[in-house]
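Peer 1:
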Amino acid sequence: MHHPSPKSYLEQTMNTDVTLYMRKKKKYLGKLIGMDEHCNVLLDNAYEECDDNVRVEIGRALINGGSIAAIEFFDENER
Numbered sequence: 000m001h002h003p004s005p006k007s008y009l010e011q012t013m014n015t016d017v018t019l020y021m022r023k024k025k026k027y028l029g030k031l032i033g034m035d036e037h038c039n040v041l042l043d044n045a046y047e048e049c050d051d052n053v054r055v056e057i058g059r060a061l062i063n064g065g066s067i068a069a070i071e072f073f074d075e076n077e078r
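Taking numbering that gives the first Met the number 0, I'd label the letters of the sequence shown as residues 0 to 78.
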């Protein structure tokens with residue numbers, strides 16, 4: 000059974016709302032609008048959320064792919 004690479008899967012999910020769970024108990028929420036060959040991720044309309052569930056609007060953000068522990072995808076009706 001063939002599984003798509005992380006990069007090809009992310010390319011198929013462009014313009015999807017995502018939550019990026021980071022290795023340091025932080026998460027970013029936003030629309031996935033870009034990525035590179037290292038799986039660094041570009042988010043638009045992004046928010047940073049820390050342990051206390053406080054969201055800080057950061058706008059457009061480039062997130063280091065090596066720091067991402069997991070990615071959760073949402074369609075427009077789930078947000």
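Backbone N, C-alpha and C fix where the C-beta goes; we use that ideal spot for every residue, glycine too.
Within the continuous beta strand (DSSP E) that includes M21, where are the two ends?
Peer 2: Within the sequence shown, numbered from 1, the residue matching residue 21 stands at position 22. Segment D16 to M21, the beta strand (DSSP E) holding M21.
Peer 1: Assuming M21 and A68 are in contact, meaning their beta carbons sit under 8 Å apart, how far apart are those beta carbons, in whole angstroms?
Peer 2: Sequence index remark: in the sequence shown, residue 21 carries index 22 (1-based). Sequence index remark: in the sequence shown, residue 68 carries index 69 (1-based). Right, the Cβ-Cβ distance comes to about 6 Å (below 8 Å), so this counts as a contact.
Peer 1: Note down the Cα distance separating T15 from K24, rounded to an integer number of angstroms.
Peer 2: What you label residue 15 is simply residue 16 of the sequence shown in a count that begins at 1. What you label residue 24 is simply residue 25 of the sequence shown in a count that begins at 1. C-alpha separation (whole angstroms): 22 Å.
Peer 1: Compare the Cα-Cα distances from V40 to each of D74, F73 and G65 and report the closest residue.
Peer 2: Taking the first residue of the sequence shown as position 1, residue 40 is located at position 41. When each option's Cα is compared against that of V40, the closest is G65.
Peer 1: Taking the C-alpha atoms as reference points, what is the distance between V53 and C38?
Peer 2: By one-based count along the sequence shown, residue 53 stands at place 54. By one-based count along the sequence shown, residue 38 stands at place 39. Taking the straight line from one Cα to the other gives about 26 Å.
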